[in-house]
Amino acid sequence: MEKRNYRDDNARRRPFRQEKSEKIEMIFGLRPILEALHAGKVLERIFLQKGQRNSITQDITELAHQAKVPVATVPVEKLDTLTRKNHQGAVAFLSAITYLPLDNIVADIYEKGKTPLLLILDRITDVRNFGSIARNAECMGVDAIVIPNRGAAQINGDALKTSAGALNLIPVCRETNLKDTITFLQQSGMQIVACTEKAEQNLTETIDFTGPTAILMGSEEDGISPEYLKKADVRVKIPMAGQIGSLNVSVASGIVLFEVLRQRLAANQ
């Protein structure tokens, strides 16, 4: 594969630029949410009142599924905590970013002759962790971040602020099924490297990151889901000398991505 000039490539590597958002907007009411979906508005998530079922809620659910927008049925008390307005049993949040199709991103990377580097996040729920990880990813040359449409942190103002602008620069892909996504990436020629403290192999031990790679990081609570861990091509852990056996996921992501960048820079010297 042709060697890449990372310094020059980083300066122009992405045509994507998210629209900056100073405020995360809320939509409440069944009809306004339905109209927003019809209009193609990018929604972060939708909350519908439990037990409420009619033609409009069915339409909202179907359109949300097509748009990969997570829908949660919650007690009315939850909705009342989100807004004091007359929400009619439905509240939605407009997304702070525009999610991009993963297959288009992958195709674009290969068409440009680049070596893909993706970051898959399995259920990262803390918005500040997510923002920090996005900042790490952008600084280390990650081409896109992949998240599940359920169980992930809401990308809100805190995430944007913590990312220091990275979420306005790096593509984020929201996928319905991470297991299928991992299969797709493997079929696209990428190795899936799972970072887990349960691994036997250290990060620095003969792992070649110079080829197409997707790094898989797990949740703050219980790490990578077993079904995803089984599908990984390689499992690695970060070597540590202290008594505490684990790192914050945002710190861990920075260490792993630095090793990827270090190897790729060395290969191009």
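Under this note's numbering, the letters of the sequence shown match residues 4 to 272, in that order.
All C-beta atoms, glycine included, are put in the ideal place defined by N, C-alpha and C.
This one's a predicted model, so the numbers in the text were calculated from it and none came from an experiment.
Determine the contact status of residue i and residue j, defining contact as a CB-CB distance below 8 Å.
i, j, result
"Q61", "G92", "no"
"L121", "V145", "yes"
"M220", "L66", "no"
"A99", "G43", "no"
Helix, strand or coil for residue i, going by three-state DSSP, please let me know.
i, result
"K234", "helix"
"L121", "strand"
"V145", "coil"
"I150", "strand"
"N132", "helix"
"E178", "strand"
"T84", "helix"
"T76", "strand"
"E25", "With a pLDDT of only 40 at E25, under 50, the local geometry of the prediction cannot be trusted, and the value read off the model is given with reservation. E25: coil per DSSP, three-state reduction."
"K164", "helix"
"F187", "helix"
Taking residue i as part of the beta strand (DSSP E), name the residues at either end of that continuous run.
i, result
"A112", "Rather than Ala, the amino acid found at residue 112 in this sequence is Ile. No beta strand (DSSP E) contains I112, which is instead part of the alpha helix (DSSP H) from 105–114."
"F280", "The structure shown does not extend to residue 280, since the chain spans only 4 to 272, so no value can be given for it."
"F31", "29–31"
"R126", "Run containing R126: none; DSSP gives neither H nor E here."
"A217", "216–220"
"A95", "93–97"
Tell me the rounded alpha-carbon separation between residue i and residue j.
i, j, result
"G32", "H90", "5 Å"
"R87", "Q52", "15 Å"
"L260", "M143", "6 Å"
"R48", "K81", "14 Å"
"I150", "P78", "26 Å"
"A202", "M29", "42 Å"
Taking residue i and residue j to be in contact with their CB atoms under 8 Å, please state how far apart those CB atoms are, rounded to whole angstroms.
i, j, result
"V196", "T216", "6 Å"
Looking at the unbroken alpha helix (DSSP H) that takes in residue i, where does it start and where does it end?
i, result
"F261", "252–270"
"I195", "Note, I195: premise wrong, no alpha helix (DSSP H); beta strand (DSSP E) at 194–198."
"A67", "58–69"
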